[in-house]
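Taken in sequence, the protein lines are chains A and B.
Take the first sequence: its position 70, counted from the start at 1, is 70 in the UniProt record's numbering, and no numbers get skipped.
Take the second sequence: its position 266, counted from the start at 1, is 266 in the UniProt record's numbering, and no numbers get skipped.
Note that CB positions come from ideal geometry on N, CA and C, so glycine has one too.
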Amino acid sequence: MSGSLEQMYQQVILDHAKHPHGRGLVEPAAGHLAGESHQVNPTCGDEVTLRVDVRTDDVGPAVVSGVSWEGQGCSISQASVSVMTELVTGREIADVRQLDATFHALMASRGKGLDDDAALDALGDGEAFTGVSQYPARIKCALLGWAALKDSLARSGALADPTGGTDD
Amino acid sequence: MTAADTVRPAEALTASELAAVRADFPLLGRTVRGGKPLVYLDSAATSQKPNVVLEAEVEFYEQRNAAVHRGAHQLAEEATEAFESARAAVASFVGADDGEIVWTPGATAAINLVAYAFSNATAGRGGAAAERFRLEPGDEIVVTEAEHHANLVPWQELCARTGAVLRWFGVGDDGRVDLSDVDSVIGDRTRIVAFGHVSNVTGAVGPVAELVAAARRVGAYTVLDACQSVPHLPVDLPALGVDFAAFSAHKMLGPTGVGVLYARRELLEAMPPVTTGGSMVEVVTMEATTYAPPPQRFEAGTQMVAQAVGMGVAAQWLDELGMARVARHEQELAAELLRITEIPGVRVIGPTDTRDRLAVVSFVVDGVHAHDVSQVLDDRGIAVRVGHHCAQPLHRRFGVAATARASASVYTTVDEITAFREALTGVRAFFGAE
Ligand SMILES: Cc1ncc(COP(=O)(O)O)c(C=O)c1O
């Protein structure tokens, strides 16, 4: 196997694909905002249904308190949802937006990665997807879960919440 | 006519003939993914092109380019001559008359042309002659679960526009169309029966003779999607007895952007036009327009002349090699492809015997998604297709969202398929699926 294949299928990705985080839809907690989104990749039939649970209170900014999902697809799409779930759970909406932007930038980098080390570090295991960005046909696999997250947050109403950091 | 019948008498391609064939396709000589020789197993999606086809397009632009069927200058004459000779070459390639071949941008456009002709007739266009194509609410259009979306969605839309009802034949576990309920599916209300000659997913040859006979019993029209048969088998459309057929140049060694609608002359004469505008008219006044006879009636606007010329040359190239020999060669490739069933964890969607099936093999690998399978193959320079191959209902029937598909053409070698099988053998280990 050549180097670029191994760069793409890093062990972290294979591990996440085999043992994904957040799989299995969970009922939202009472009193929280909740949103669900179903996303499909029409070219390969990959699918994900993702639910977010957002805790809002008067004390602080809105926080993604839970992400759960159900789906089927290639190892890249499954691992990506898993990594994303770990990454965004417990984070403020504004941070989640930042992570989403960073991950999209990484996917647009054509295998070069990001110059901003701090931003890359913030992606945690998400950094392992740098190799995927060399393959235009696979980028949408990696972005499927992120699209579902964004859409479910929008549906939950959390993005409209003034504490949700819409002022970016 | 079955694949087996047509294949038996022909001689296989010799090694030197096959080498000569390959040398004719410049693209097959390139490398991919860091210097690896290309193993192109995606010909069912689109084929590569021999030099003669590429040269014919260049020659047309360099020497003959002019608008066809217009103008009396020498170039216009030569361009028209090239365009019409190409039509004759394609017609004779499928046993048809020149007047039965309409140029279209491809098979999808050809099938839509038929559907919209029925629609326009239903709206009262085309006068008395077109009455025969009128659909009433409750009329039935029959397809199969194995269809490419191009031979399904246009019929769903036609039903939606006219109140006709779509019915279909299912597919058996072996991937073949199940005709056990033929007498209840095709009946008095059936007006159109549309089906594929060869499935682009399973490679199975469809039950053309049975469907044509059943449609004739009730006076229904037949529409054959011949995209995956014409490039690989000797096909005589009039002998098959279908009313309409569609195929694309780009799958049969020709250019993109051109294809063909075949229809029996009598039907073309009666059909109302679909796309209207220049070049398809007789007399135009501000009040009304009369239309040219077919095939021009269905060829509105400036045509894809260079591509049509290329398609004619592709048909001649295949004709010279001999379609029976092409089919014989590909029969051997089909058998080689089917040997992937010997690899643990690999399951073929479709017939696993070589009877009445071509060298198009879709498969799943236990525990590894099709996308991941193809990525590993691609890393070795092996190009296969992944996804639902524009046949979602068929994939749903088999409970899979996506398959990988390896498909061959006249230039494919046994060695390439061996390389593919070797690469496929390592896939499960790479993903730890064993
Ligand atoms: C069986 C079948 N029908 C129809 C089509 C559509 O052909 P085109 O995209 O050239 O119009 C294809 C090819 O994609 C096919 O394989």
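Which class does isoleucine 343 of chain B belong to by DSSP, given the choice of helix, strand or coil? coil
Rounded to whole angstroms, what is the Cα-Cα separation between alanine 391 of chain B and threonine 43 of chain A? 11 Å
If I measure Cβ to Cβ from valine 313 of chain B and keep anything under 6 Å in the same chain, skipping five residues before and after, which residues do I get? Val52, Val53 and Ala56
Residue environment, residue 437 of chain B, which counts as buried when at least 16 other CB atoms sit within 10 Å: Missing from the structure shown is residue 437 of chain B; chain B here goes from 1 to 434 and no further.
Residue range of the beta strand (DSSP E) that includes phenylalanine 431 of chain B: Neither: phenylalanine 431 of chain B is in no beta strand (DSSP E) and is coded neither H nor E.
Mind checking residue 169 of chain A: buried by the 16 CB within 10 Å criterion, or exposed? Since the first residue shown for chain A is 1 and the last is 168, residue 169 of chain A is missing from the structure and cannot be characterised.
State buried or exposed for glutamine 48 of chain B, treating a residue as buried only when at least 16 other CB atoms are found within 10 Å of its CB. buried
Residues of chain A with CB closer than 9 Å to the CB of glutamine 63 of chain B, please, in chain order. None at all; the shortest Cβ gap to chain A is about 38 Å.
Is tyrosine 291 of chain B helix, strand or coil when you go by DSSP? strand
How far does the alpha helix (DSSP H) with aspartate 117 of chain A in it extend, from its first residue to its last? 117-122
Between the Cα of arginine 357 of chain B and the Cα atoms of B/Thr202, B/Leu158 and B/Ala209, which residue gives the shortest distance? B/Thr202
Since I believe alanine 154 of chain A is in contact with glycine 22 of chain A (beta carbons under 8 Å), could you give me their beta-carbon distance rounded to a whole number of angstroms? With a Cβ gap of about 19 Å, glycine 22 of chain A and alanine 154 of chain A do not count as contacting.
May I ask you to report which of helix, strand or coil DSSP gives histidine 296 of chain B? Residue 296 of chain B is actually glutamine in this sequence, not histidine. In the structure shown, glutamine 296 of chain B sits in a helix (DSSP, three-state: H, G or I).
If you draw a straight line from the C-alpha of tyrosine 135 of chain A to the C-alpha of alanine 239 of chain B, how long is it? 47 Å
Validate contact between the segment 398-416 of chain B and the segment 360-378 of chain B using beta carbons, cut 8 Å, 3 pairs: yes
For arginine 355 of chain B, which option in B/Arg22, B/Ala204 and B/Val223 has the closest C-alpha, if you only look at C-alpha atoms? B/Ala204
Quick one: complete beta strand (DSSP E) runs, 3+ long, within the segment 230-275 of chain B? 244-248 and 259-263
Would you list the residues sitting across from proline 37 of chain B in a DSSP beta bridge? B/Thr31
Would you mind giving the Cβ-Cβ distance between proline 351 of chain B and arginine 189 of chain B, rounded to the nearest angstrom? I have them listed as a contact below 8 Å. The Cβ separation is near 32 Å, so there is no contact.
Separation of threonine 256 of chain B from valine 54 of chain A, as counted between CA atoms: 50 Å
Within 9 Å (strictly less), CB to CB, does methionine 1 of chain A reach chain B? Note on methionine 1 of chain A: pLDDT 47, under 50, position unreliable in the model; the coordinate value appears next. It does; some Cβ of chain B falls within 9 Å.
Which of helix, strand or coil does DSSP assign to histidine 38 of chain A? strand
I need the straight-line Cα distance from glutamate 140 of chain B to methionine 271 of chain B, nearest angstrom please. 19 Å
Mind listing the chain B neighbours of threonine 130 of chain A? Cutoff is C-beta to C-beta under 9 Å, in chain order. What threonine 130 of chain A touches in chain B: nothing, since even the nearest Cβ is about 16 Å away.
Between the segment 100-128 of chain A and chain B, which residues of the former have CB atoms less than 8 Å from a CB of the latter, in chain order? none
Cutoff 9 Å: histidine 395 of chain B Cβ touching any chain A Cβ: yes
My output table needs one value for phenylalanine 25 of chain B: the three-state DSSP class, helix, strand or coil. coil
Quick one: using the 10 Å Cβ neighbour count with 16 as the cut-off for buried, is proline 207 of chain B buried or exposed? buried
From threonine 418 of chain B to glutamate 336 of chain B, what does the alpha carbon distance come to, in whole angstroms? 8 Å
Exposed unless 16 or more other CB atoms sit within 10 angstroms - verdict on serine 152 of chain A: buried
Is it buried or exposed for proline 20 of chain A, if we count other Cβ within 10 angstroms and need 16 for buried? buried
At the level of alpha carbons, what is the spacing between alanine 148 of chain A and valine 26 of chain A? 16 Å
Using a Cβ-Cβ cutoff of less than 8 Å, which residues in the same chain neighbour glutamate 78 of chain B once the five nearest sequence positions on both sides are dropped? Gln63, Arg64 and Ala66
Could you check if aspartate 188 of chain B belongs to the surroundings of ligand 1, using beta carbon to heavy atom distance under 8 Å? no
Within 8 Å of chain A by C-beta, residues of the segment 395-409 of chain B in sequence order: His395, Ala401 and Ala402
Specify the secondary structure class of glycine 312 of chain B as computed by DSSP and reduced to three states. helix
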